[in-house]
Amino acid sequence: MNQFRQLVKLATPLVRQTQPLAQARGVATVGAQPPSVLRPIGGKRRIAPSAGEVSTLNWPPVQSVAAVDPFPQTVQAWMMDFETNDPLDIVDVQRSVFAAPIRTDIVHRVVTYERNLKRQGTHNSRTRSEVRGSTRKVQPQKGLGRARHGTRRAPQFVGGAKAHGPVPRSHETEIQRKVWLMALRSVLSAKYSQDQLVFVDNMEIESHRTKDLTRMLQVNGWSPLASTGRHPSIMMLPLMDPENMHVLDNLELASRNIPGVSIMNASDAEVYEILRHDYLIMDRNALDLLENILKPM
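Residue numbering for the sequence shown follows UniProt numbering, starting at 1 and increasing by one per position.
Below you can see the structure in the form of structure tokens.
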């Protein structure tokens, strides 16, 4: 017992010397009281130590690092004159709308959805209760060595009904609006990347003659020459609001008899109609409208 007390007296000065050294290195010693809850470095739960407490696990707090997009938010495009195809200005368009990733799978879903909406669903075939003919049994059940038959209205007879034929129904399907907007951004980005998207200041023309519009489209390079024997494939997408409808009267009259040239309101733009035309021409008002609608939140 006496030997144990002597060893304790000898070890007491060594303990007092090691405590300041440990505190200088920032390590919690026996005298410091750690916080009630600890977390590993990098965890989501942050607990700051109270006054006078030292803890290397909770302090200093981990700083969050946010990713920065290195690409600019806009891309550049030419603003052309509709009648002469001369460059007028360079405009900045949203990258998220006209340079978005091209999702062919989403485009396929939306094209199927839009084409299903255009199906009339009026197909019909007559059943056994609708065709003309008697319901009398055509021959005895036994004794003749032939197959068993009932009425002449059966599908296997000429003039009989059709088994499992089409009936009037709706082919309409449902799709999320965000999916449709993504498909519209994809087709616009595809037209922009393939240099098939033309921005014009306005679509006002002086003449309402089809011949003048055809010559203008050929001179601008949007329509093949008449000697090639091929029809143009152009979709015009102006903003048809009541205020500037009179400006588009000549364009609407001149383009009626040109096969392959279509005009659609920008507010009613369809993915399938844009996709099936080679060139897409839109005015400045349609550009502003589509950027406001298609810009991601």
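For every residue, glycine included, the Cβ atom is placed at its ideal position computed from N, Cα and C.
Please check the pair residue i and residue j, which I expect to be a contact at CB under 8 Å, by giving their CB distance rounded to whole angstroms.
i: ASN116; j: PRO168; result: Not a contact, Cβ separation roughly 15 Å.
i: ASP201; j: ASP81; result: 7 Å
i: ALA266; j: PRO242; result: With 8 Å as the limit, ALA266 and PRO242 do not qualify as a contact, their Cβ atoms being about 14 Å apart.
i: ILE234; j: TYR279; result: 5 Å
i: GLN156; j: ARG148; result: At roughly 12 Å, the Cβ-Cβ gap does not stay under 8 Å, so GLN156 and ARG148 are not in contact.
i: PHE199; j: MET282; result: 6 Å
Answer yes or no: does any C-beta atom of chain C fall closer than 9 Å to that of residue i?
i: ARG256; result: Protein chain content of the structure displayed is limited to a single chain, and chain C is not contained in it.
Taking the continuous beta strand (DSSP E) assigned at residue i, which residues delimit it?
i: MET80; result: 74-80
i: PHE71; result: That residue, PHE71, is in no beta strand (DSSP E); it is neither H nor E in DSSP.
i: ILE263; result: 261-263
i: LEU197; result: 197-200
Whole angstroms is fine: what's the gap from residue i's alpha carbon to residue j's?
i: PRO72; j: GLU204; result: 33 Å
i: GLY165; j: ARG128; result: 11 Å
i: GLN120; j: ALA67; result: 50 Å
i: VAL27; j: ASP69; result: The pLDDT assigned to VAL27 is 45, lower than 50, so where the model puts this residue is not dependable; a value taken from the coordinates is nonetheless given after this. About 40 Å.
i: ARG215; j: SER227; result: 13 Å
i: LEU213; j: ASN220; result: 11 Å
i: GLY260; j: TRP222; result: 12 Å
i: LEU253; j: SER262; result: 12 Å
i: ASN277; j: LYS162; result: It is worth fixing the name first, because residue 277 is His in this sequence and not Asn. HIS277 and LYS162: Cα-Cα distance of roughly 40 Å.
i: LEU88; j: HIS108; result: 36 Å
i: GLN177; j: ALA100; result: Note on identity: in this sequence residue 177 is Arg, with Gln being the wrong assignment. Going from the Cα of ARG177 to the Cα of ALA100 covers about 17 Å.
i: LYS295; j: ARG126; result: 50 Å
i: SER207; j: ARG284; result: 21 Å
i: ALA269; j: VAL65; result: 40 Å
i: SER255; j: VAL247; result: 14 Å
i: GLN249; j: GLU83; result: Note that residue 249 is Asp in the sequence shown here, rather than Gln. C-alpha separation (whole angstroms): 15 Å.
i: GLY143; j: ARG136; result: 18 Å
i: LEU275; j: GLU291; result: 19 Å
i: VAL93; j: ILE175; result: 28 Å
i: LYS118; j: ALA154; result: 34 Å
i: VAL158; j: THR173; result: 37 Å
i: ASN244; j: GLU130; result: 54 Å
i: ASP288; j: GLY229; result: 36 Å
Spatial neighbours of residue i within its chain, please: C-beta separation below 8 Å, excluding the five flanking residues on both sides.
i: ILE106; result: VAL179, MET182, ALA183, SER186
i: LEU21; result: Because the pLDDT at LEU21 is just 44, under 50, the model does not fix this residue reliably, and the value given afterwards should be weighed accordingly. Excluding sequence neighbours, LEU21 sits near nothing in its chain.
i: ARG16; result: Residue confidence is low: ARG16 scores 48 on pLDDT, short of 50, so the model does not pin down where it sits. Its coordinate-derived value is still stated next. Excluding residues within five positions, none has a Cβ falling inside 8 Å.
i: ARG95; result: PHE71, PRO72, GLN73, THR74, VAL75
i: ARG103; result: MET182, ALA183, SER186
i: ARG146; result: GLN139
In chain order, what residues of the same chain have a beta carbon less than 6 Å from the beta carbon of residue i, not counting five sequence neighbours either side?
i: VAL91; result: ALA77, MET79
i: SER257; result: The amino acid at residue 257 is misidentified as Ser; the sequence shows Asn. The answer, listed in chain order, is THR210.
i: LEU188; result: PHE98
i: LEU251; result: MET203, ILE205
i: residue 300; result: Absent from the model: residue 300. The displayed extent of the chain is 1 to 297, so no value can be given.
i: GLY150; result: LYS137
i: ALA190; result: ILE102
Taking residue i as part of the alpha helix (DSSP H), name the residues at either end of that continuous run.
i: ASP288; result: 284-294
i: ILE274; result: 271-275
i: residue 298; result: What the structure shows of the chain is the stretch from 1 to 297, and residue 298 is not part of that stretch, so it cannot be assessed.
To which residues of the same chain is residue i closer than 7 Å at the C-beta, ignoring the five residues directly before and after it?
i: LEU225; result: GLN218
i: ARG25; result: Reliability fails at ARG25, whose pLDDT of 44 lies under 50, so the model's placement of it is uncertain and the value that follows must be treated cautiously. Cβ within range, chain order: n/a, list empty.
i: TYR272; result: VAL111, GLU114, ARG115
i: residue 301; result: Lying before the first or after the last residue shown, residue 301 is absent from the chain, which here runs from 1 to 297.
i: HIS231; result: PRO259, GLY260
i: ALA286; result: LEU237, PRO238, LEU239, ALA266
i: GLN196; result: ASP278, TYR279, LEU280
With a threshold of 8 Å (Cβ to nearest heavy atom), would residue i be considered close to the ligand SAH?
i: ARG132; result: Absence of the ligand SAH is noted for the structure shown, with no ligands found whatsoever.
| query | Which whole runs of the alpha helix (DSSP H) in the segment 79-107 are 4 residues long or more, in chain order? | reply | Listed in chain order, they are 95-98.
| Which residue spans inside the segment 211-256 form an unbroken alpha helix (DSSP H) run of at least 4? | 249-254
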